[in-house]
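Data first, discussion second: the structure below is written as structure tokens.
There are 2 protein chains.
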Amino acid sequence: MARVTLQTIADRVGVSRATVSYAFSRPDQLSEGLRQRIMEVADELGYAGPNPTARSLRLGRAGALGLIFTETLAYAFADPYSIGFLQGLATAAEDAGVGLLILPIPHGDRRSETVRDAVVDSFCVMSLADGHPALAEVFARKLPVVVVDEPYVPGHPFLGIDEPAAAATAARHVLRLGHRRVGVAMVGLHEDGYTGWASQERQQSAVYEAMRRRRGGYQQACEEAGIDWSGVPFYEVARNSREAGRKAGHALLGRDPRPTAILTNTDVLALGILDAAADLGLEVPRELSVVGFSDSAAEEAGLTTIRQAKQEMGETAGRLLLSGTAAEPERLIFPYELIVRASTAPPPQT
Amino acid sequence: MARVTLQTIADRVGVSRATVSYAFSRPDQLSEGLRQRIMEVADELGYAGPNPTARSLRLGRAGALGLIFTETLAYAFADPYSIGFLQGLATAAEDAGVGLLILPIPHGDRRSETVRDAVVDSFCVMSLADGHPALAEVFARKLPVVVVDEPYVPGHPFLGIDEPAAAATAARHVLRLGHRRVGVAMVGLHEDGYTGWASQERQQSAVYEAMRRRRGGYQQACEEAGIDWSGVPFYEVARNSREAGRKAGHALLGRDPRPTAILTNTDVLALGILDAAADLGLEVPRELSVVGFSDSAAEEAGLTTIRQAKQEMGETAGRLLLSGTAAEPERLIFPYELIVRASTAPPPQT
DNA sequence: GACTCCTCCTTAATCAATTAAGACCTTAAT
DNA sequence: ATTAAGGTCTTAATTGATTAAGGAGGAGTC
């Protein structure tokens, strides 16, 4: 049994293909009787409705927004920050009545045609490593693109926060509380899966721009406060998980002298640090201050953090792409805010 | 400036359209020189590569899996259970190199063509209310479909757990611990936004099948234990949030006599109940036992819950749809498991 | 009766590719 | 010299729709 198309129905009813098309897309162009006849036959033949692909081709619109983020999708969905952004993006897509096409990108050096073959009208790219091949593939499509967080590509719409300033704000908060022995735990600097102490060189060669700049903010704030950055223990983890944070926490808190404050890259990591502190019987914030980032999982744990309007960012990204206005602003920098909760306090009076 | 297509390039180079197509899709069919020439001209003209829609039409495959879940997408992304499922589904999509098209469905009586126009090869439908119009729209597309959790449609692949049995297991756990004064808090029974005590009638007329059956499991277990169900306080909330759970908690714990055990529908709700208990200075589990559902947010809080293999379910759903084997099993029932943690204990010895 | 105006339907161009089959030319083998 | 075999490229059919423009017929108007 061959596929049922408009033509099949047209032949059966004895009308032209155009008539059948009208029956579906513009019923007012037909007599009611014929329309019903056509619908009956369509039903009888098991017609699945006008083929969306053909329709898409003819109309020149895909009805979908492409989203590209993070190497492994399963990780992306595990990150509260991504999820928040996704919520915003989904809201915009929902309002515009378009779908959200989430694209897996080639992992390692496996080639993939997903970006090339994605049936979308525009792309949103989030948190890609510097020079990731997927970015070039996206730009090659010559569709509207907005990049979120990283990497910033001059001449293309970008959306993010002032990373160094936000990070510096977080750092200054604990420094002003009087902390001098600061430790740092970060995730998402490299893609090599390394977990352990990060040398200065490693820190500076991070392939994720936003994280690299965030780190720069920490360093600057420390140096402003007269702290020698090379003496600041810096632990890098490969995955953004509570477990990884705990590991970093144990490493950092195992040092002598022990840091009295730990700065982190993400809330999830910070939660792990809290776990490590609990393991060691350290009282937070009396004996240890911890700062998160993004305010994505911080509230319940009473974590001091930097709040980013992730949902709003997602919504804005979506609207930008779906509004159809070609004249997008170059660079949209969103506000951030230091949220002080119960995980930070002045250092102990030893 | 008109659009650049294969033809534009062909004309410019002075070859046939087919040749240009081969240059992109099968370079071995051409002399290296000509291929390079074509690529150069393509670059020069700013060609964006073979149009994916046209390609899709010709090849008869969309390269995407459609996902439909929950009325409001932003809510869906807020639910840890959905997220877990999504992770699994994404993994399968990733392995198969296809995209995941998340479709907003019409909310209220707003009409929408998203399902009709979705460029996908198959659909995964998750947690839709009985008789939701989107379901009919999906089936009308005559593509492979798998329904997850609800609603079960005879004759179509289905994937879920034995809801009544799982719920009964949760209930029996607290009943065997000796609890007699049980309260229930559930979300996702209706779509009318109601929050408050639910009459028997309201309970039974729930439009979400899985939740309805889950409730049935609670009732059955209670009745087996000789508890009169009509005396069991049942609080219904409209949103699956910790805040809503807290509200339900206050309502249930404000009753006299106070329940010694509360069964819930989701982990998130259970966390809210714990919040309420904390508000009232009740010690868990000594004075109150709480049971969650899904093991999606339970571990850190030490919550007793029913574990569902959500990620595995997502992956299975994806593989089923992407494997191309038409002969799908009718009904795939996944195992569940009671995970006893620190939120349940025998009732106080009043 | 001639004209206009609708209503309803058809014609045919268009969207942008893919690909089997065939044509043409060169080279090699018999 | 003839035939076969390759290598390159073209022809043309195909994928499944949408829609502007036009034609046929009937109704209404002067």
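Chains L and H supply the protein sequences, listed in that same order.
For the numbering used here, count along the first sequence from 1 and bump the result up by 1192.
For the numbering used here, count along the second sequence from 1 and bump the result up by 1192.
The beta-carbon is built from N, C-alpha and C at its ideal position, and this holds for glycine as well.
Legend entry - Beta bridge counterpart(s) of residue 1351(L) as assigned by DSSP: Looking at the DSSP output, residue 1351(L) shares a beta bridge with 1340(L), 1524(L).
Inset, instruction - Provide the residue span of the alpha helix (DSSP H) that contains residue 1277(L), from first to last. - result: Its alpha helix (DSSP H) spans residues 1272-1288.
Legend entry - Cβ-Cβ separation, residue 1377(H) to residue 1543(H) (assumed contact under 8 Å), whole Å: Coverage of chain H is limited to positions 1193 through 1542, which leaves residue 1543(H) absent and any answer about it impossible.
Inset, instruction - For residue 1315(L), write down the residues that DSSP places opposite it in a beta bridge. - result: DSSP output for residue 1315(L) lists 1258(L), 1337(L) as bridge partner(s).
Inset, instruction - Identify, in the order they occur along the chain, each residue of the same chain with its Cβ nearer than 8 Å to the Cβ of residue 1281(L), setting aside the five sequence neighbours on each side. - result: 1257, 1259, 1292, 1316, 1506, 1507, 1509, 1510, listed in sequence order.
Inset, instruction - Give a yes or no on whether the C-beta atoms belonging to residue 1400(L) and residue 1326(L) are separated by under 8 Å. - result: The answer is no: Cβ separation not under 8 Å.
Inset, instruction - Could you tell me whether the Cβ of residue 1315(H) comes closer than 8 Å to any Cβ of chain L? - result: Under the Cβ criterion of 8 Å, residue 1315(H) is not counted among the residues facing chain L.
Inset, instruction - State the DSSP-derived secondary structure class of residue 1499(H), mapped to helix, strand or coil. - result: If DSSP states are grouped into helix, strand and coil, residue 1499(H) belongs with the strands.
Legend entry - Cβ-based contacts, 7 Å cut-off: residues of the stretch 1322-1346 of chain L near chain H: Against chain H - using a Cβ distance shorter than 7 Å - the residues of the stretch 1322-1346 of chain L are 1332, 1333, 1334.
Legend entry - Runs of beta strand (DSSP E) wholly within the stretch 1342-1417 of chain L (minimum 3 residues, chain order): As far as the stretch 1342-1417 of chain L is concerned, its whole beta strand (DSSP E) runs of at least 3 residues are 1350-1353, 1374-1379.
Inset, instruction - Compare the Cα-Cα distances from residue 1539(L) to each of 1477(L), 1463(L), 1234(L), 1357(L) and report the closest residue. - result: Comparing Cα-Cα distances from residue 1539(L) to each of 1477(L), 1463(L), 1234(L), 1357(L), the minimum goes to 1477(L).
Inset, instruction - Starting from the C-beta of residue 1500(L), find all residues in its chain whose C-beta is less than 6 Å away, skip the five residues before and the five after it, and write them out in chain order. - result: Cβ neighbours of residue 1500(L) beyond the five flanking positions: 1353, 1486, 1528.
Legend entry - Under the three-state DSSP convention, the category residue 1236(L) falls into: Reduced to three states, the DSSP call for residue 1236(L) is helix.
Inset, instruction - Report yes if the CB atom of residue 1365(H) is closer than 8 Å to the CB atom of residue 1530(H), and no otherwise. - result: Yes.
Inset, instruction - Quick one: measure Cβ to Cβ for residue 1275(H) and residue 1233(H), integer angstroms, because I've assumed they're closer than 8 Å. - result: Wrong, their Cβ atoms sit about 47 Å apart, outside the cutoff.
Legend entry - Reduced DSSP secondary structure (H/G/I, E/B, other) of residue 1493(H): Coil.
Inset, instruction - For residue 1434(L), collect the residues of the same chain with a Cβ closer than 7 Å to its Cβ; drop the 5 residues on either side in sequence, then sort them by chain order. - result: Within the same chain, residue 1434(L) has close Cβ partners 1460, 1463, 1464, 1467.
Legend entry - Per DSSP, cross-strand counterpart(s) of residue 1427(H): Per the DSSP secondary-structure output, residue 1427(H) pairs in a beta bridge with 1377(H), 1389(H).
Inset, instruction - Please state whether DSSP places residue 1529(L) in a helix, a strand or coil. - result: In the structure shown, residue 1529(L) adopts extended strand secondary structure according to DSSP, grouped into three states.
Inset, instruction - For the stretch 1223-1243 of chain H and the stretch 1224-1243 of chain L, state whether three or more C-beta atom pairs, one from each stretch, are separated by less than 8 Å. - result: Judged by Cβ distances under 8 Å, the stretch 1223-1243 of chain H makes no contact with the stretch 1224-1243 of chain L, as fewer than three pairs qualify.
Inset, instruction - Compare the beta carbon distance of residue 1351(H) and residue 1524(H) with 8 Å and say whether it is the shorter of the two. - result: With a cutoff of 8 Å on beta-carbon distance, residue 1351(H) and residue 1524(H) are scored as near each other.
Legend entry - Residue closest to residue 1375(H), alpha-carbon to alpha-carbon, out of 1446(H), 1305(H), 1357(H): Distance from the Cα of residue 1375(H) is smallest, within the candidate group 1446(H), 1305(H), 1357(H), for 1446(H).
Legend entry - Contact under 8 Å by Cβ, residue 1240(L) with residue 1254(H): Contact: no.
Inset, instruction - Go ahead and label residue 1356(L) buried or exposed: buried means 16 or more other beta carbons lie within 10 angstroms of its beta carbon, across all protein chains shown. - result: Residue 1356(L) counts as buried, since at least 16 other C-beta atoms from the protein chains shown sit within 10 angstroms of its C-beta.
Inset, instruction - Would you please verify whether the beta carbon of residue 1244(H) is less than 8 Å from any beta carbon of chain L? - result: Chain L, which has a Cβ nearer than 8 Å to the Cβ of residue 1244(H), makes this yes.
Inset, instruction - Can you say whether residue 1380(H) is buried or exposed, counting buried as having 16 or more other CB atoms within 10 angstroms of its CB? - result: Residue environment: residue 1380(H) is assigned as buried (16 or more neighbouring CB atoms within 10 Å of its CB, all protein chains considered).
Inset, instruction - With 8 Å as the threshold, decide whether the Cβ of residue 1230(L) is near any Cβ in chain H. - result: No, residue 1230(L) lies away from the interface with chain H (no Cβ there is under 8 Å from its Cβ).
Legend entry - Run of the beta strand (DSSP E) containing residue 1483(H), from where it starts to where it stops: Following the DSSP letters along the chain, one finds residue 1483(H) inside the beta strand (DSSP E) bounded by residues 1481-1483.
Legend entry - Beta-carbon proximity check, residue 1429(L) vs residue 1455(L), cutoff 8 Å: Residue 1455(L) sits away from residue 1429(L), with the two beta carbons spaced by 8 Å or more.
Legend entry - Which of helix, strand or coil DSSP assigns to residue 1266(L): In this structure, DSSP gives residue 1266(L) a helical state, which the three-state scheme calls helix.
Inset, instruction - Would you give the residue range spanned by the beta strand (DSSP E) that residue 1453(L) belongs to? - result: Start and end: 1453-1456.
Legend entry - Minimum C-alpha distance to residue 1503(L) - residue among 1308(L), 1246(L), 1248(L), 1340(L): Looking from the CA of residue 1503(L), the closest CA among 1308(L), 1246(L), 1248(L), 1340(L) belongs to 1340(L).
Legend entry - Identity of the residue in 1495(H), 1411(H), 1432(H), 1536(H) nearest residue 1271(H) by Cα: Of the candidates 1495(H), 1411(H), 1432(H), 1536(H), the one whose C-alpha sits nearest the C-alpha of residue 1271(H) is 1432(H).
Inset, instruction - Enumerate in chain order the residues of its own chain whose CB-to-CB distance from residue 1402(L) is below 6 Å, with the five nearest sequence positions on each side excluded. - result: Closer than 6 Å at Cβ, skipping near neighbours: 1341, 1342, 1355.
Legend entry - the stretch 1300-1314 of chain L in contact with the stretch 1303-1310 of chain H per 3-pair CB rule at 8 Å: No, the stretch 1300-1314 of chain L is not in contact with the stretch 1303-1310 of chain H.
Legend entry - residue 1475(H) versus residue 1541(H) - alpha carbon distance: Roughly 14 Å between the two C-alpha positions.
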